[in-house]
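Sequential numbering of the sequence shown, starting at 8, is according to this note's numbering. By construction, the Cβ of each residue, glycine as well, lies at the ideal position given by its N, Cα and C atoms. Everything on this sheet refers to the single structure shown next.
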Amino acid sequence: MKITNKAHAVAFKKSSLTIGLSAALFSGLSFQGVAAEARTAEKVERIEVTGSRIKRADIEGSSPVTSIGRLAIESSGVQNIGELLQTVAQADLSGLTQLTNNTNGNDGSQTISLRNLGDNRTLVLVDGRRFLALGGGQVDISQIPIAIVERVDILADGASAVYGTDAIAGVVNIITKDGFEGVSLDASIGANFEGDGEYKQAGISIGTIKGNTSLFLNISKSEEKEIGAGDREISQYPVAYIPERFGSAFGLYGIFGTSDGNLSLDPAKEGDGIRTADDFEPFGTKHRYNFAPTNYLKTPSDRFNVFAKVNHEFSDSLRAFVDFTYNQRKSVTQIAAVPLTAGFSGPQWEIPFSKDSIYNPFGEDLASFGFRTLPIGPRTNIQDYDTYFITGGFEGEFEVADRVLLWDVSMSRGDSSRSVKGQNYVNLQNLRNAVGPSFIADGVAQCGTADNTIAGCVPLNIFNGETGFTSEMANYIGYELNDQVNTGTTNFAANISGELFELPAGWLGFAAGVEKRTNTFVDSPDALIAAGLSSSNFREPTNGSQTAEEAYFEFAVPLLADLPGVQQLDISLAGRFADFENSGFVGVDPVTSNFDNESFKVGFTWRIYDDLMLRGNYSDTFRAPSVDNLFAGGGEGFPSVQDPCNTTLFGLQLPDVQARCLADNVPSGGSTQPTGQLRALNGGNPELKPEEGNTKTFGIVYNPSWLDGFDMTIDYYKIELEDALSSISAGGMLDRCYVQGEEEFCGFIERREDGRIATVRTSQFNLDQLEVEGYDFNANYRFDTQDLGNFVFRLNGSYTDQYRSAGVGENINSANNLVASINSDILRWRGTFNTTWSYDDLTVTWGMRYTSNLIESCTIPDNFVDDGLATRELCNQRGNPGDENEAGFNRIGSVVYHDLSASYTLPWQASVRVGMRNVFRKEPPIALNPFANSFYSAHDIPGGTWFLNYKQDF
Numbered sequence: 008m009k010i011t012n013k014a015h016a017v018a019f020k021k022s023s024l025t026i027g028l029s030a031a032l033f034s035g036l037s038f039q040g041v042a043a044e045a046r047t048a049e050k051v052e053r054i055e056v057t058g059s060r061i062k063r064a065d066i067e068g069s070s071p072v073t074s075i076g077r078l079a080i081e082s083s084g085v086q087n088i089g090e091l092l093q094t095v096a097q098a099d100l101s102g103l104t105q106l107t108n109n110t111n112g113n114d115g116s117q118t119i120s121l122r123n124l125g126d127n128r129t130l131v132l133v134d135g136r137r138f139l140a141l142g143g144g145q146v147d148i149s150q151i152p153i154a155i156v157e158r159v160d161i162l163a164d165g166a167s168a169v170y171g172t173d174a175i176a177g178v179v180n181i182i183t184k185d186g187f188e189g190v191s192l193d194a195s196i197g198a199n200f201e202g203d204g205e206y207k208q209a210g211i212s213i214g215t216i217k218g219n220t221s222l223f224l225n226i227s228k229s230e231e232k233e234i235g236a237g238d239r240e241i242s243q244y245p246v247a248y249i250p251e252r253f254g255s256a257f258g259l260y261g262i263f264g265t266s267d268g269n270l271s272l273d274p275a276k277e278g279d280g281i282r283t284a285d286d287f288e289p290f291g292t293k294h295r296y297n298f299a300p301t302n303y304l305k306t307p308s309d310r311f312n313v314f315a316k317v318n319h320e321f322s323d324s325l326r327a328f329v330d331f332t333y334n335q336r337k338s339v340t341q342i343a344a345v346p347l348t349a350g351f352s353g354p355q356w357e358i359p360f361s362k363d364s365i366y367n368p369f370g371e372d373l374a375s376f377g378f379r380t381l382p383i384g385p386r387t388n389i390q391d392y393d394t395y396f397i398t399g400g401f402e403g404e405f406e407v408a409d410r411v412l413l414w415d416v417s418m419s420r421g422d423s424s425r426s427v428k429g430q431n432y433v434n435l436q437n438l439r440n441a442v443g444p445s446f447i448a449d450g451v452a453q454c455g456t457a458d459n460t461i462a463g464c465v466p467l468n469i470f471n472g473e474t475g476f477t478s479e480m481a482n483y484i485g486y487e488l489n490d491q492v493n494t495g496t497t498n499f500a501a502n503i504s505g506e507l508f509e510l511p512a513g514w515l516g517f518a519a520g521v522e523k524r525t526n527t528f529v530d531s532p533d534a535l536i537a538a539g540l541s542s543s544n545f546r547e548p549t550n551g552s553q554t555a556e557e558a559y560f561e562f563a564v565p566l567l568a569d570l571p572g573v574q575q576l577d578i579s580l581a582g583r584f585a586d587f588e589n590s591g592f593v594g595v596d597p598v599t600s601n602f603d604n605e606s607f608k609v610g611f612t613w614r615i616y617d618d619l620m621l622r623g624n625y626s627d628t629f630r631a632p633s634v635d636n637l638f639a640g641g642g643e644g645f646p647s648v649q650d651p652c653n654t655t656l657f658g659l660q661l662p663d664v665q666a667r668c669l670a671d672n673v674p675s676g677g678s679t680q681p682t683g684q685l686r687a688l689n690g691g692n693p694e695l696k697p698e699e700g701n702t703k704t705f706g707i708v709y710n711p712s713w714l715d716g717f718d719m720t721i722d723y724y725k726i727e728l729e730d731a732l733s734s735i736s737a738g739g740m741l742d743r744c745y746v747q748g749e750e751e752f753c754g755f756i757e758r759r760e761d762g763r764i765a766t767v768r769t770s771q772f773n774l775d776q777l778e779v780e781g782y783d784f785n786a787n788y789r790f791d792t793q794d795l796g797n798f799v800f801r802l803n804g805s806y807t808d809q810y811r812s813a814g815v816g817e818n819i820n821s822a823n824n825l826v827a828s829i830n831s832d833i834l835r836w837r838g839t840f841n842t843t844w845s846y847d848d849l850t851v852t853w854g855m856r857y858t859s860n861l862i863e864s865c866t867i868p869d870n871f872v873d874d875g876l877a878t879r880e881l882c883n884q885r886g887n888p889g890d891e892n893e894a895g896f897n898r899i900g901s902v903v904y905h906d907l908s909a910s911y912t913l914p915w916q917a918s919v920r921v922g923m924r925n926v927f928r929k930e931p932p933i934a935l936n937p938f939a940n941s942f943y944s945a946h947d948i949p950g951g952t953w954f955l956n957y958k959q960d961f
């Protein structure tokens, strides 16, 4: 892939023409595009670079910015921006991949996280402006079609003083096409080498410039097919190469809590006929269910995109612009059929199987039972997203004291609607009816009793295995859920910039502006989910909004110039002042909150001589808690937790702990706790305050005059974050309230009249400190030959040295370094190296992607292979008897992927491009910690992919 570092690739180019030509070369623009820019020389001379709001001709900056240009995007063969950003060394891939590594699948959204700090601490801009965000503050970059992207800038620096909240780890600025004339058609196809995961895309781009008006329109449609987990050896079982042991206890032979223990149907007795208690045996490994192959490894989706950009010039000093984006995405997630977990989960699952059911062979009420509802079908969520975002405004310039000042005013509005149709879920009220008393009347099974028949109900039989579970039963207890999620944003911005006056070392540049934006988030769960009557976990509605009012300033101050050892020394100063007002609901109660922030930044660039420049920054960073953080309705979970006031633990507590239990309506001697799980609702916390911290960077930019075409950068960074959001578990809430006596946490605990725990509400709090430290490096070398063509070599890498986390009041320097530590997924090294060769109309790119090794504790006993439970050894570093970790470790080796693409320009204004990703079909190394797939999302889905693209210009 062609990657250039914008902060230095053009740092030594001084003229406007050279800047324009360099941009064209590195981004893959046609010469026609350069000519269009040359007609407006004033625009070329004053441009805004990612990392600064000051528009000026001198584009050198103190912040490290890496750019991926259009030519690099096309040669990569990626299908979307998410795949493109996977190659960025600073990205940790947590939200970019469509790999399904969670219980609810991946809905097709793609978000980006830098520095392993989370996608809500990375700001995403489109053309330098904020875009429509999700409820958690992240931007789903899959809404932006890759066909409209001119380049992507990655600012690897804290930028809260320049851009505001969320810019802690950095900023991703997606620059769209402009100045395009003509018509361009393009079409692509591709697939995995295994024959699945097919991809199709087609689009048309139209650009015209008529007089003072320019128009760019792109319409595109794409389709991606699924890859099933069962179609890859590494993901066909919950843990790779272990067919049965880690399957679900809730399978097709059932699990029934009887007075003789947990029993399951003897697999040999599965089928028609009347079952008796003698047909059941103690539950064991052979009764487990392999839920993995039903899951999607890659999410299928269909996308339809419309993007339009209109610019009109009223005069040399006044212009208007409108940008419009519409995105429709349909995606499907699929996971295994609903497990019935009566008596094993939360209160809504307290559904006994009646002894008076015509199918119950045990002659006793079953307080707990489980079964996999395969006859109903796999849980399939069909998501329908509709998103639009429109920005309109004016820009221009005016003179004050013979100085030209540039200004712009804009308003943006965006809305996103997501409707979810969930197929093959279970209505728990109907389930309760179906497992209650039943009888036979006129040869037909009926629910209830002869005196109290439940109309329309079909009694449920799960004692004959899958055979006894008829379609009529499935139709009665199965249902289709419907969720609705809406997000919206309204942004207003006004900016002014220019050069104020001349100092001895150059012109003093400045920028200032104000912004106001409002974000809304509404989550309306399915009616049965909200009522606690669905097999999908209970979830409360969410309804909240956040309004931010901000003002900022920025100065670029030239201090020294043309001195020995100081060819140029500049400093940059920036500051931002922000007020946030939040409103929403906690349950049915309206809640408001507010907070403010002040962030500042100082940076420098010191050019020692033509070849060498130093740069550095110190910047405040902050992130305001999102609407979802503040007001999310409680989502249900059932963690394994012991109530410190229960009958088992009450007598072991100190007197003050017992007194606090008694004061909370716990009876003397303790409260009962029937199971080892408690119901927890994890939701928002309206009392959160912003995360705050600082970022330091220092870098070297070297462009040796003795080696024409070579440049390199090395940048050190250190991010420190305080008051970082961190969750307190249900057990932590109980401990803090009763054992530690922190009364502010007792309000999160709800008890029933008899003293039993009803619900423990969990949430996030400003509890953590984070510290991340490392280095980024880039190197580029290009040279031309007379007979063999042109060569370009590009290296982009990142080294993470420290990643530490500690609680409030703890010494973070004493915390463990999590980089490549045991059971950590934080990589020490990531990088790419690309070689591009061009000869006449042929261009070939060979790319290499590298990820370093990880290590995890071995959780697989060493006898699994000998006992036939595993088909191969999964841990490659077994311990010795007597070692602290006798089971040993599993080393997840480093991986190098190779990509190849070639393009050829045809005589009839067309081009064809063909390529492969993961040419040698490198398999991902086995990992035991990821859920479901046994490999990390940093690695490619097995099989490798190919692609073919044709483009026709008119």
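### Query
Exposed or buried, E780, counting other C-beta atoms within 10 Å across all chains shown (16 or more means buried)?
To locate residue 780, count along the sequence shown from 1; it is residue 773. E780 should be labelled buried.
### Message
Classify P914: buried if its beta carbon has 16 or more other beta carbons within 10 angstroms, exposed otherwise.
### Response
For this step, residue 914 is matched to residue 907 along the sequence shown. Exposed is the call here.
### Task
With a threshold of 16 other CB atoms inside 10 Å of the CB of R759, please say whether the residue is buried or exposed.
Here residue 759 corresponds to residue number 752 of the sequence shown, with the count starting at 1. By the neighbour-count rule (16 or more Cβ atoms within 10 Å), R759 is not buried but exposed.
### Task
Can you give me the start and stop residues for the beta strand (DSSP E) that S831 sits inside?
Locating residue 831 in the sequence shown gives position 824, where the first residue counts as 1. Neither: S831 is in no beta strand (DSSP E) and is coded neither H nor E.
### Opposing strand residues paired with K929 [DSSP bridges]
Position 922 of the sequence shown, counting from 1, holds the residue named residue 929. According to DSSP, which records beta bridges pairwise, K929 is partnered with nothing at all.
### Query
To the nearest angstrom, how far is it from the Cα of A315 to the Cα of D160?
If you number the sequence shown from 1, residue 315 lands on position 308. If you number the sequence shown from 1, residue 160 lands on position 153. The alpha-carbon atoms of A315 and D160 are separated by roughly 21 Å.
### Query
Exposed or buried, what is F961 when buried is set at 16 or more other beta-carbons lying within 10 Å of its beta-carbon?
On the sequence shown, residue 961 is found 954 positions in, with the first residue counted as 1. By the neighbour-count rule (16 or more Cβ atoms within 10 Å), F961 is not buried but exposed.
### Query
Any idea what DSSP makes of S552, helix, strand or coil?
Indexing the sequence shown from 1 puts residue 552 at position 545. Strand, per DSSP.
### Query
Run through DSSP, which three-state label would Y260 get?
Residue 260 sits at position 253 when you count from the first residue of the sequence shown. The answer is coil: DSSP assigns Y260 none of H, G, I, E or B.
### Query
In angstroms, rounded to a whole number, what distance separates the CA positions of I226 and Q208?
By 1-based counting over the sequence shown, the position of residue 226 is 219. By 1-based counting over the sequence shown, the position of residue 208 is 201. Distance between the alpha carbons of I226 and Q208: 11 Å.
### Message
Less than 8 Å between the beta carbons of A374 and P385, yes or no?
### Response
The residue given as residue 374 occupies position 367 in the sequence shown. The residue given as residue 385 occupies position 378 in the sequence shown. No. Outside cutoff.
### Task
Apply the 10 Å Cβ neighbour rule to Q884 and answer buried if 16 or more other Cβ atoms are within range, or exposed otherwise.
Translated into the one-based positions of the sequence shown, residue 884 becomes position 877. Classification of Q884: exposed, given that the 10 Å Cβ count is below 16.
### Query
Excluding sequence positions up to five away, which residues of its chain have a Cβ less than 7 Å from the Cβ of D1038?
Beyond the ends of the chain as shown, which are 8 and 961, falls residue 1038; an answer cannot be given.
### Message
Beta-carbon within less than 6 Å of L619's beta-carbon, same chain only, minus the 5 sequence neighbours each way: which residues are those?
### Response
Along the sequence shown, read from residue 1 onward, the residue named residue 619 stands at position 612. Result list for L619: Y709, in chain order.
### Query
Exposed or buried, what is L239 when buried is set at 16 or more other beta-carbons lying within 10 Å of its beta-carbon?
As a position in the sequence shown, residue 239 is number 232, starting the count at 1. Reading off the sequence, residue 239 comes out as Arg, not Leu. Buried: at least 16 other Cβ atoms inside 10 Å.
### Task
Answer with buried or exposed for L270, where buried requires no fewer than 16 other C-beta atoms within 10 angstroms of its C-beta.
Mapped onto the sequence shown, residue 270 falls at position 263. L270 is buried by the Cβ-count criterion.
### Task
Out of I933, I155, F331, state which residue places its alpha-carbon closest to the alpha-carbon of Y395.
For the purposes of this step, residue 395 is taken as residue 388 along the sequence shown, with counting starting at 1. The candidate whose alpha carbon is nearest that of Y395 is F331.
### Task
Take L876 as the anchor and find which of Y248, I175, G189 has the nearest alpha-carbon.
Here residue 876 refers to the residue found at position 869 when the sequence shown is read from its first residue. Nearest option by C-alpha distance: Y248.
#### Entry: Assigned exposure category for D650 - 16 Cβ within 10 Å defines buried
By 1-based counting over the sequence shown, the position of residue 650 is 643. The residue is buried, with at least 16 neighbouring Cβ atoms inside 10 Å.
#### Entry: C-alpha distance - F476 paired with L381, whole-angstrom precision
Along the sequence shown, read from residue 1 onward, the residue named residue 476 stands at position 469. Along the sequence shown, read from residue 1 onward, the residue named residue 381 stands at position 374. Looking at the two C-alpha atoms, the distance is approximately 9 Å.
### Proximal residues to R46 (C-beta, below 7 Å), its chain only, five neighbours per side dropped
Translated into positions along the sequence shown, residue 46 becomes position 39. Note that R46 has pLDDT 32, beneath the 50 cutoff, so the model's placement of it is unreliable and the number below is only indicative. Here the set comprises nothing.
### Message
If distances are taken between C-alpha atoms only, which option among Q916, R837, F954 comes closest to A945?
### Response
For the purposes of this step, residue 945 is taken as residue 938 along the sequence shown, with counting starting at 1. It is R837.
### Query
Do E561 and A585 have their CB atoms nearer than 8 Å?
Walking along the sequence shown from the start, residue 561 turns up at place 554. Walking along the sequence shown from the start, residue 585 turns up at place 578. In this structure, A585 does not lie closer than 8 Å to E561 by Cβ.
### Query
What are the start and end residues of each continuous beta strand (DSSP E) run of 3 or more residues lying completely inside the region 595-662, in chain order?
596-616, 619-630, 642-644
### Message
According to DSSP, simplified to helix, strand and coil, what is I383?
### Response
Working through the sequence shown from its first residue, we reach residue 383 at position 376. I383: coil per DSSP, three-state reduction.
### Query
Exposed or buried, E487, counting other C-beta atoms within 10 Å across all chains shown (16 or more means buried)?
By one-based count along the sequence shown, residue 487 stands at place 480. E487 should be labelled exposed.
### Query
Which residue's Cα is closest to the Cα of V921: F257, A198, V146, A98?
Working through the sequence shown from its first residue, we reach residue 921 at position 914. Checking every option, the nearest Cα to that of V921 belongs to A198.
### Message
With the cut-off set at 8 Å, would you say S82 and T850 are in Cβ contact?
### Response
As a first step, residue 82 is located in the sequence shown; it is residue number 75 there, counting from the start. As a first step, residue 850 is located in the sequence shown; it is residue number 843 there, counting from the start. Yes; because the gap between Cβ atoms is below 8 Å, this pair is in contact.
### Message
As a quick exercise: from G202, E233, F752, D99, pick the residue whose alpha carbon is nearest that of G337.
### Response
By one-based count along the sequence shown, residue 337 stands at place 330. The displayed chain sequence assigns Lys, not Gly, to residue 337. Here the closest residue by C-alpha is E233.
### Query
Just checking my contact of I383 with V345 at CB under 8 Å: how many whole Å lie between their CB atoms?
Walking along the sequence shown from the start, residue 383 turns up at place 376. Walking along the sequence shown from the start, residue 345 turns up at place 338. Going by Cβ atoms, the distance from I383 to V345 rounds to 7 Å, so yes, they are a contact pair.
### Query
Cα-Cα, which of A670, S675, N820, F790 is closest to C6?
The structure shown does not extend to residue 6, since the chain is modelled only from 8 through 961, so no value can be given for it.
### Reduced DSSP category for I578 - H, G, I as helix; E, B as strand; rest coil
Working through the sequence shown from its first residue, we reach residue 578 at position 571. Correct three-state label for I578: strand.
### Message
Starting from Y745, trace the beta strand (DSSP E) in both directions and tell me its first and last residue.
### Response
Taking the sequence shown and counting its residues from 1, one reaches residue 745 at position 738. That residue, Y745, is in no beta strand (DSSP E); it is neither H nor E in DSSP.
### Query
Quick one, which of E357, Y810, F517 has its alpha-carbon nearest T682's?
Residue mapping note: residue 682 aligns to position 675 of the sequence shown, counting from 1. Comparing Cα-Cα distances from T682 to each of E357, Y810, F517, the minimum goes to E357.
### Task
Kindly list the residues whose CB is nearer than 6 Å to the CB of F755, restricted to its own chain and excluding five residues on each side of it in sequence; keep chain order.
As a first step, residue 755 is located in the sequence shown; it is residue number 748 there, counting from the start. For F755, where only same-chain residues beyond five positions count, the Cβ hits under 6 Å are M740, R768.
#### Entry: Closest residue to N4 among D627, T612, S59 (Cα-Cα distance)
Coverage of the chain is limited to positions 8 through 961, which leaves residue 4 absent and any answer about it impossible.
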